[in-house]
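Taken in sequence, the protein lines are chains D and E. Heads up: the first sequence runs through residues 1 to 284, numbered per the working numbering. Heads up: the second sequence runs through residues 285 to 678, numbered per the working numbering. Have a look at the structure below, then the notes.
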Amino acid sequence: MASAAISGIGSGAAYALLAVCLIVAYRTTGVLNLPAAAVGTWGTFLATVLHDHGWPWIVCAAVGVIAAALIAAAAGVVIARWFLVATVARRTSVSVAMLLLLFALSNRAFGDNARNIPALFNGGFTVAGVVVQWETVAILVVLILIAAILSLVMARTRTGLVLRALTDRPRTTELLGIPIGGYVIGVWLLTGALAAVAMLLVAPEFSSDFGVLAFLVVPAIAAALCGSLRNVWLAALAGVAIGVIEGVVSQIGSISNWQPAIPLIVIMAVLLYTQRGQLWDEAR
Amino acid sequence: MRNWRRASALSAALLSMLLLATGAMARSNSASASASASVITIGNISSVTGQNVLPDGSEGANAYFNYLNAHGGINGHKVKFVIADDQGNAQDAAQAASRLVNQDNVVGLVASDSILECSINTSLYSKAKVLDIADQGVDSGCFDSANIGPVNTGPFTALQVNLTYAVKVLHYSKVCVLIPDLPGIQAGDAKAIVAWTKATGKKLALSLQDLSLTGDPTASLLRAKSAGCQAVASNGPAAYLAAFIKAAAAQNLTKSIKFLFPTTAYDPSFLSAAGSAADGAIINSEFLPYTSTSSALTQAEKVFKAEKVPLGSQYLGGYIGAEIFAKVVSGIKGTITRASVTNAFRHMKPYSTPLMGDAYVFGPGKSHNPNRSSKFLTVKNGKFVQLSTSWFHI
Chain D
1 MASAAISGIG SGAAYALLAV CLIVAYRTTG VLNLPAAAVG TWGTFLATVL HDHGWPWIVC
61 AAVGVIAAAL IAAAAGVVIA RWFLVATVAR RTSVSVAMLL LLFALSNRAF GDNARNIPAL
121 FNGGFTVAGV VVQWETVAIL VVLILIAAIL SLVMARTRTG LVLRALTDRP RTTELLGIPI
181 GGYVIGVWLL TGALAAVAML LVAPEFSSDF GVLAFLVVPA IAAALCGSLR NVWLAALAGV
241 AIGVIEGVVS QIGSISNWQP AIPLIVIMAV LLYTQRGQLW DEAR
Chain E
285 MRNWRRASAL SAALLSMLLL ATGAMARSNS ASASASASVI TIGNISSVTG QNVLPDGSEG
345 ANAYFNYLNA HGGINGHKVK FVIADDQGNA QDAAQAASRL VNQDNVVGLV ASDSILECSI
405 NTSLYSKAKV LDIADQGVDS GCFDSANIGP VNTGPFTALQ VNLTYAVKVL HYSKVCVLIP
465 DLPGIQAGDA KAIVAWTKAT GKKLALSLQD LSLTGDPTAS LLRAKSAGCQ AVASNGPAAY
525 LAAFIKAAAA QNLTKSIKFL FPTTAYDPSF LSAAGSAADG AIINSEFLPY TSTSSALTQA
585 EKVFKAEKVP LGSQYLGGYI GAEIFAKVVS GIKGTITRAS VTNAFRHMKP YSTPLMGDAY
645 VFGPGKSHNP NRSSKFLTVK NGKFVQLSTS WFHI
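Written out as structure tokens, the structure reads:
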């Protein structure tokens, strides 16, 4: 059982890193960035295309990150220009539309063949009979770094203050003379680059299928919700926990086929728990 | 209000971009044919776009028919080959079949390649008395229909072939199965395992048939290790199998366990995605291996080169299907209609080709799976190497 739990840390770290990317986008733009993993996968797949042409992987990875940042920035332009003060429902619809668009275009651009996505770090070390990959360690390190930087920037800097104001009161922030469009596009650019870094680290562990990778956003949403879309540390912990639970569940014969449903169960549980007050109020 | 209008306009623009991209994509390819009374119209339903894209078989068949048309057609009749895209979804598959059968009046369907087309359309084919010939079947509906006769071994028989090879040729006693939970596949896999147990008298040391197609298989691989599996047979698309063997290699299991994969892994994309992890994996080829130097491939290579189609296992399957169709239909005396084509296949003599280990036959049966042979390959230094020159039958 211990080995099963440890084997889940790899995918759990991946969910956690993506969850942190989701929280960065949500806290700064108020949009649940559903296409985050898809944007990152676009960057990763572009990198694999260049790699197939003989480019060194590290150069391809850098180009992939830049490409994903530009794709995300283009999405940021759309959000900043038309949907900054739109309702949550409308902003979420835009997010869904972007995800579907990236899906459709990926099919045309990359086809359905298995892709060669090299790991940035090879090898690993053994714990309780399980080889833990250095790639997993790298994901955990990047995860802690991003979470720490984000917490500091949001809490301690003027940029953080502006971004928080931007999420809660976009119009008021604009009336104070702050160029909010630039900030929004900048944040999307950054989240695109972060998503690509996340997917470049994460993708070698999973099937190199666009759908599989883009939908890693589902367990990431579950983890981000556990952190109430605010607390990056809690979300990171929840991400790793989901991976570990998946690992353990896949070992228990009678419930092993529930493994893919775990993120959805977590999402439902968190939503029900956080909404319990409202239901109680309405009942009264 | 202005903002709302802008928002609506943008939503409309996004939606139309989406539609263009996914795009009312029911693409209809046709081999060049002049519109005259003597044209034979043949249909094909494949997942050209969408999830689980499988366009290779239709391209292989299209190449054969183009070549055939350039060399006189079938007894002077040109072939019009209409490829309908089901985008891997049930509704499009049903609409495609209805259009081909009722509007295009196809005489039969050839070399269709989709993960759900058979199960969705089998009752329509039965009502319309039309045959889906030399299909490259994936779902179990392809192998238990009176009107569908696949040319490929298919995922279920391939699993049985691989398990049999593991015990009879490789002489492993602890054989295991680790397969993902794919819609329309699981029941067929279970049947194949029962058939294998019945034929060999062996039992699996571990059988996990519900791995997540999207998740990390490491935990399941560790179960195989603790169960003492010497050989593990799996199933699924090339991208999944590449991730599977990479996860096994990461746990140093590829040295102690022999992995056996179906023909989906016999593809350059599997080698490039799996890298050095693939070395030692065993893969069955349901047709004559396209990487072999056999002279039996010369004609197919010539056609594919002329039509600029790459040589690959599924392309070859489409080519073989088209060849079988042309040979059987060329023997029809009188008008070539849906009824005469159906009759010809119901009463055909087994058709042998060096490209397959068994003769293809449709016949009057209620179910069809004539191709039950494979040649085996392994991966050595990132290349496919043939293990046996003879066919392995079950």
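No residue lacks a Cβ here, since even glycine has one placed at the ideal position from N, Cα and C.
Other residues of its chain near residue i: CB distance less than 6 Å, five sequence neighbours each side excluded
i, result
"E/Ile567", "Phe545, Ala549, Tyr550 and Leu661"
"D/Ala238", "Ala223 and Cys226"
"D/Trp134", "Phe121, Gly123 and Gly124"
"E/Pro654", "Asp642, Tyr644 and Val645"
"D/Val39", "Ala68, Ile71, Ala72, Gly192 and Ala195"
Distance CB(residue i)-CB(residue j) smaller than 8 Å
i, j, result
"D/Asn107", "E/Thr498", "no"
"D/Gly10", "D/Val187", "no"
"E/Ile477", "E/Val391", "no"
"E/Val459", "E/Lys486", "yes"
"E/Thr484", "E/Val451", "yes"
"D/Leu234", "D/Thr28", "no"
"D/Ser93", "D/Pro35", "no"
"E/Ser569", "E/Lys659", "yes"
"D/Thr191", "D/Val24", "yes"
"E/Leu384", "E/Ala368", "yes"
"D/Arg91", "D/Gly43", "no"
"E/Leu393", "E/Asp416", "yes"
"E/Arg622", "E/Lys413", "yes"
Alpha carbon of residue i to alpha carbon of residue j, nearest angstrom
i, j, result
"D/Cys21", "D/Ala165", "19 Å"
"D/Leu100", "E/Asp370", "18 Å"
"D/Ala73", "D/Ala86", "19 Å"
"E/Tyr644", "D/Asn116", "36 Å"
"D/Ile242", "D/Leu189", "28 Å"
"E/Phe676", "E/Ala561", "26 Å"
"E/Thr547", "E/Ser331", "18 Å"
"E/Ser518", "D/Ser3", "22 Å"
"D/Ala193", "E/Ala471", "43 Å"
"E/Ala395", "E/Leu447", "27 Å"
"D/Leu161", "D/Val49", "40 Å"
"D/Pro170", "D/Leu176", "10 Å"
"E/Pro552", "E/Asn328", "25 Å"
"E/Thr673", "E/Ala442", "18 Å"
"E/Ala511", "D/Leu271", "39 Å"
Cβ-heavy atom distance, residue i to the ligand FMN, below 7 Å
i, result
"D/Cys60", "You won't find the ligand FMN in this model; it holds no ligand whatsoever."
Option nearest residue i by Cα separation, candidates the options
i, options, result
"E/Gly421", "E/Leu505, E/Gly468 and E/Asn446", "E/Gly468"
"E/Asp473", "E/Phe427, E/Thr621, E/Asn405 and E/Tyr603", "E/Phe427"
"E/Glu585", "E/Leu639, E/Ser569 and E/Val363", "E/Leu639"
"E/Gly647", "E/Thr673, E/Thr448 and E/Lys633", "E/Lys633"
"E/Tyr456", "E/Val516, E/Asp416, E/Asn431 and E/Lys411", "E/Val516"
"D/Ile139", "D/Val96, D/Ile180 and D/Ala198", "D/Ala198"
"D/Ala195", "D/Leu18, D/Ala4 and D/Gly8", "D/Leu18"
"E/Ala531", "D/Glu174, D/Val132, D/Leu145 and D/Pro263", "D/Val132"
"E/Phe609", "E/Leu595, E/Ser624 and E/Ser597", "E/Ser624"
"E/Ala580", "E/Ile604, E/Ala558 and E/Pro594", "E/Ile604"
"D/Ala128", "E/Gly372, E/Ala503 and E/Leu384", "E/Ala503"
"E/Arg656", "E/Phe571, E/Thr673 and E/Gly618", "E/Phe571"
"D/Ile221", "D/Gln275, D/Leu176, D/Ile267 and D/Met1", "D/Ile267"
"E/Val435", "E/Ala522, E/Phe365, E/Thr637 and E/Gln379", "E/Thr637"
"D/Val142", "D/Gln251, D/Ala109, D/Ala89 and D/Val232", "D/Val232"
"E/Gln670", "E/Arg507, E/Ser578 and E/Ala508", "E/Ser578"
"D/Ala68", "D/Arg90, D/Leu102 and D/Asp209", "D/Leu102"
"E/Gly341", "E/Gly360, E/Ala418, E/Lys364 and E/Asn359", "E/Ala418"
"D/Thr173", "D/Ile149, D/Ser7, D/Asn257 and D/Leu84", "D/Leu84"
Other residues of its chain near residue i: CB distance less than 8 Å, five sequence neighbours each side excluded
i, result
"E/Tyr524", "Pro464 and Leu497"
"E/Phe588", "Gly344, Ala347, Pro594, Leu595, Tyr599 and Tyr603"
"E/Asp563", "Thr538, Val663, Lys664, Asn665 and Gly666"
Contacting residues, own chain, Cβ-Cβ under 7 Å from residue i (five flanking each side not counted)
i, result
"E/Ser318", "Confidence in E/Ser318 is poor, its pLDDT being 41 and thus under 50, which makes the residue's placement too unreliable to answer from."
"D/Leu213", "Ala37, Thr41, Met199, Ala203 and Phe206"
"D/Ala14", "Ile139, Val202, Glu205 and Leu216"
"E/Leu495", "Leu462, Ile463, Pro464, Asp465, Pro501 and Ser504"
"D/Val240", "Ile9, Gly12, Ala13 and Ala16"
Chain C contact for residue i (CB, 8 Å cutoff)
i, result
"D/Ser3", "The question asks about chain C, but that chain is absent: this structure's protein chains are D and E."
Segments of 3+ residues assigned as beta strand (DSSP E) that fall wholly inside the stretch 564-612 of chain E
List check, beta strand (DSSP E) in window: 566-569.
Every unbroken alpha helix (DSSP H) within the stretch 186-237 of chain D, with a cutoff of 4 residues, ordered by chain:
Here the runs fully enclosed are 210-214 and 217-226.
Going along the chain, which unbroken runs of the beta strand (DSSP E) with 3 or more residues stay wholly within the stretch 604-653 of chain E?
You should have found no qualifying run.
Restricting to runs no shorter than 3 residues, where is the beta strand (DSSP E) found entirely within the stretch 323-348 of chain E?
As far as the stretch 323-348 of chain E is concerned, its whole beta strand (DSSP E) runs of at least 3 residues are 324-330.
Can you check the stretch 371-412 of chain E for any alpha helix (DSSP H) of at least 4 residues that lies completely inside it and give the ranges in chain order?
374-382 and 401-412, all fully within the stretch 371-412 of chain E.
Taking only runs of the beta strand (DSSP E) that begin and end inside the stretch 491-557 of chain E, which ones reach a length of at least 3 residues, in chain order?
Within the stretch 491-557 of chain E, the beta strand (DSSP E) runs of at least 3 residues that lie entirely inside it are, in chain order, 515-517 and 542-545.
Sequence ranges, alpha helix (DSSP H) only - wholly within the stretch 108-167 of chain D, length at least 4:
Those alpha helix (DSSP H) runs which fall completely within the stretch 108-167 of chain D and span 4+ residues are 134-156.
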